[in-house]
Amino acid sequence: VSRSSIAGNEWHTLDFGDVEKELAAKLSDDDISKVLLHIDAANKLKRLRLTNCINISGAGLVSLSGSTSIEQIDLSLVGAHQRPILDPKPPLDCDLVLPILDCIINHGRC
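Be aware that the sequence shown starts at 806, since it is given in this note's numbering, and climbs by one per residue.
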């Protein structure tokens with residue numbers, strides 16, 4: 806079982822799979838954005854797992870654009886060993902997420 810790790814104010818992993826499933830399912834892009842900004846994720850976070858965050862489009866990830874610390878973003882939305890088929894289909898939008906990921910890969914040269 807993965808556990809989000811924090812030592813002082815140094816975040817390494819933020820795994821929404823560690824949050825109660827019903828709560829994670831209610832989180833919006835605005836909620837995700839506020840959490841990422843609060844922990845200064847663009848500069849501190851190494852791994853982000855959006856397990857059970859089935860209500861997001863990806864717009865809440867914009868604060869990670871140009872991050873130099875992020876190493877892994879798991880957009881699978883379901884936990885390990887769970888069926889990857891969600892009904893209704895989640896609103897995750899490639900047109901929103903791909904430019905953010907591209908900006909991260911290019912270290913802010915967007």
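All residues carry an ideal CB built from backbone N, CA and C; glycine is no exception.
In terms of Cβ geometry, I844 and W816 form a close pair [threshold 8 Å]. By the neighbour-count criterion, in which a residue is buried when 16 or more other Cβ atoms sit within 10 angstroms of its Cβ, S872 is buried. The C-beta of N911 has fewer than 16 other C-beta atoms within 10 Å across all chains shown, which makes the residue exposed. When V867, T856, R852, L842 are compared, the shortest CA-CA separation from C908 is found for V867. Sixteen is the threshold: when 16 or more other Cβ atoms of the shown chains lie within 10 Å of the Cβ of L832, as they do, the residue is buried.
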